[in-house]
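Have a look at the structure below before the remarks.
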Amino acid sequence: MVAKESNVSSFSTPRQRGQACERCWKQKKKCDKVIPACTNCIAVDAECIPRNFASGPIAGTGSLSHATVPSYVETLKRKRDDLEGQVQRQRARLQQDEQHGPPCSPSNRVEHPQSNVNSGLQDVADTTVQAAMGEVGLLSRSAMAEPRDEMSGFSQELAMGRMVRATIAISGKDPTKSMTNPHSAIIPTFDQANSLTRNIALPYVTRFIESIEPQFLHLRESRIWEEFETYFREANDDFRSLAKGRVISFNVYMNTAMGMLLSPDSTGLQGFASSLQAIAMRMFAGILESGSRFDILHCMLSLIIYSMQTSLGGSTWHLLGLAMQKAITFGFYKDPNPAHNLPSEQLRDRRDIFWGLYTVDRTISIVMDRPFNIEDNDIHILVRVYSKSIQIALTPS
1 MVAKESNVSS
11 FSTPRQRGQA
21 CERCWKQKKK
31 CDKVIPACTN
41 CIAVDAECIP
51 RNFASGPIAG
61 TGSLSHATVP
71 SYVETLKRKR
81 DDLEGQVQRQ
91 RARLQQDEQH
101 GPPCSPSNRV
111 EHPQSNVNSG
121 LQDVADTTVQ
131 AAMGEVGLLS
141 RSAMAEPRDE
151 MSGFSQELAM
161 GRMVRATIAI
171 SGKDPTKSMT
181 NPHSAIIPTF
191 DQANSLTRNI
201 ALPYVTRFIE
211 SIEPQFLHLR
221 ESRIWEEFET
231 YFREANDDFR
241 SLAKGRVISF
251 NVYMNTAMGM
261 LLSPDSTGLQ
271 GFASSLQAIA
281 MRMFAGILES
291 GSRFDILHCM
301 LSLIIYSMQT
311 SLGGSTWHLL
321 GLAMQKAITF
331 GFYKDPNPAH
341 NLPSEQLRDR
351 RDIFWGLYTV
361 DRTISIVMDR
371 PFNIEDNDIH
381 ILVRVYSKSI
391 QIALTPS
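For reference, each letter of the sequence shown is one residue, going 1 to 397 in UniProt numbering.
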């Protein structure tokens, strides 16, 4: 009798698929994977569609999905084994050359060439291993969101500056295509930063403040005007070589460019705006190296907002993903330890820049039907609603 009951219960147990359904995966919900329809889909009377993905090694494009991470790790392991085999074969070949080489007297023997060969081989192996470990580090930091320096240990192909430039080269009109040099036809006309004068920039920065500044907490009118006046008072090559000078120059160029795109005569100013963005991008690598974390995210958010105004600004979706990854890596999704005693102004900047990215992330993800870069349950910072007359602090329930 007991055996019969166990058989009945085993037959009544619903089968499960190996992965979450398409709807739960897109919305990042926990899926019970029941066949033919999961509980979440049944609850909302939606069709439960299984996901299809390639389970083989990653293609040469380097794009990752949640399903392909295990095979990516296996690929890295195979790469490590191949590197070890290459090093062993090279060492064995060198030992054979030493044994069969022409005899020489101890006085005429020279050790430097051999040491140079060994050091050269070691450098090549170290560089290749470092590149592979850089890719592993990218996955680890994305998964654990640890605030550590990304620039060291990264291969050049995965450095943040290169990824941002590659993203901007993607056509905003058709993301399947890329623009080899989107600014090549317009930079010669406005290549010099000196072509931007105060009188030219003033109406467009005003337009930017009227249209964009009210939408984002991290943008403050007083700070925008202060940087504007500082740039045109101090602007020269020495000023732009300083860390703070690069940030101020970048902000002035991007604010002016966005104001041009929002003006009534934006059609005739598309080239000028694009050239200003190209000049700003020349300073971005220096900002990544010496700028503060807030400055880096501020500049990336400016590039995102700019890309939403013109197809020459690159892929908004890809830029947003890089910026959110950077914010999570910096730990901006949570308030810092009170023991750090951060100034209130700096703490407010951290929160405001994160909520700016959060707002764009939710808007773009919903419009494009893509998963969010971070879930609300993973955010542990104070929510603030600012207005000109009141400031209300809300804590997550």
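Backbone N, C-alpha and C define an ideal beta-carbon position, used for all residues, glycine too. The structure presented is a predicted model; accordingly, all values stated were derived computationally and were not measured.
Could you check where the alpha helix (DSSP H) with residue i kicks off and where it finishes?
{"i": "LEU219", "result": "Segment: none, LEU219 is in no alpha helix (DSSP H) and carries neither H nor E."}
{"i": "ILE328", "result": "316 to 330"}
{"i": "ALA166", "result": "160 to 168"}
{"i": "VAL266", "result": "Residue identity differs from the one stated: residue 266 is Ser in this sequence, not Val. Looking at the DSSP string, the run of the alpha helix (DSSP H) that includes SER266 is 266 to 290."}
{"i": "ASN255", "result": "243 to 262"}
{"i": "THR206", "result": "198 to 211"}
{"i": "ILE296", "result": "293 to 307"}
{"i": "LYS29", "result": "Here LYS29 belongs to no alpha helix (DSSP H), and DSSP marks it neither H nor E."}
{"i": "THR39", "result": "39 to 43"}
What is the DSSP secondary structure of residue i, counted as helix, strand or coil?
{"i": "GLN16", "result": "strand"}
{"i": "VAL34", "result": "strand"}
{"i": "PRO50", "result": "strand"}
{"i": "ASP378", "result": "helix"}
{"i": "GLY60", "result": "In this prediction, GLY60 scores a pLDDT of 45, lower than 50, which makes its location untrustworthy; no coordinate-derived value is stated."}
{"i": "ARG148", "result": "Residue confidence is low: ARG148 scores 45 on pLDDT, short of 50, so the model does not pin down where it sits. No coordinate-derived value is stated."}
{"i": "GLN122", "result": "Since pLDDT at GLN122 reaches only 49, below the 50 mark, its modelled position is unreliable, and the value read off the structure follows with that caveat. In this structure, GLN122 counts as helix in the three-state DSSP scheme."}
{"i": "SER155", "result": "Residue placement at SER155 is flagged as unreliable, the pLDDT there being 45, under the threshold of 50; the coordinate-derived value follows with that caveat. Correct three-state label for SER155: coil."}
{"i": "SER140", "result": "For SER140, the predicted model reports a pLDDT of 48, less than 50, meaning its position is unreliable; a value from the coordinates is still stated below. Helix at SER140."}
{"i": "ALA92", "result": "helix"}
Could you check how far apart the C-beta atoms of residue i and residue j are, in whole angstroms? I think they sit under 8 Å.
{"i": "VAL247", "j": "ILE305", "result": "Not quite, the Cβ-Cβ distance comes to about 16 Å (not below 8 Å), so this is no contact."}
{"i": "MET324", "j": "ASN377", "result": "Going by Cβ atoms, the distance from MET324 to ASN377 rounds to 16 Å, so no, they are not a contact pair."}
{"i": "residue 399", "j": "LEU312", "result": "Examination of residue 399 is not possible in this model, given that the chain is present from 1 through 397 alone."}
{"i": "ARG17", "j": "LYS33", "result": "5 Å"}
{"i": "PRO264", "j": "LYS28", "result": "Contact doesn't hold; Cβ gap of about 41 Å is too wide."}
{"i": "GLU224", "j": "ASN255", "result": "Reading off the sequence shown, one finds Ile at residue 224, where the question assumed Glu. Right, the Cβ-Cβ distance comes to about 6 Å (below 8 Å), so this counts as a contact."}
{"i": "TYR333", "j": "HIS298", "result": "With a Cβ gap of about 17 Å, TYR333 and HIS298 do not count as contacting."}
{"i": "PHE284", "j": "VAL252", "result": "Not really, about 14 Å apart at Cβ, beyond 8 Å."}
{"i": "CYS31", "j": "ALA20", "result": "4 Å"}
{"i": "ALA46", "j": "ARG23", "result": "6 Å"}
{"i": "ALA327", "j": "LEU303", "result": "In fact, because the Cβ distance is near 14 Å, the residues do not count as touching under 8 Å."}
{"i": "ILE353", "j": "LEU301", "result": "7 Å"}
{"i": "residue 401", "j": "GLY314", "result": "Nothing about residue 401 can be read from this structure; the chain reaches only from 1 to 397."}
Any 3 or more C-beta pairs closer than 8 Å across the segment 207 to 219 and the segment 253 to 261: yes
Three or more beta-carbon pairs under 8 Å between the segment 329 to 340 and the segment 269 to 284, yes or no? Put simply, the segment 329 to 340 does not touch the segment 269 to 284. Fewer than three CB pairs are less than 8 Å apart.
I'd like the ranges of any alpha helix (DSSP H) spanning at least 4 consecutive residues and lying wholly in the segment 327 to 374. 344 to 368
Is the segment 312 to 324 touching the segment 162 to 169 in the sense that three or more CB pairs, one from each, lie closer than 8 Å? yes
Contact between the segment 194 to 208 and the segment 358 to 375 (3+ Cβ pairs under 8 Å): no
Three or more beta-carbon pairs under 8 Å between the segment 216 to 227 and the segment 340 to 357, yes or no? yes
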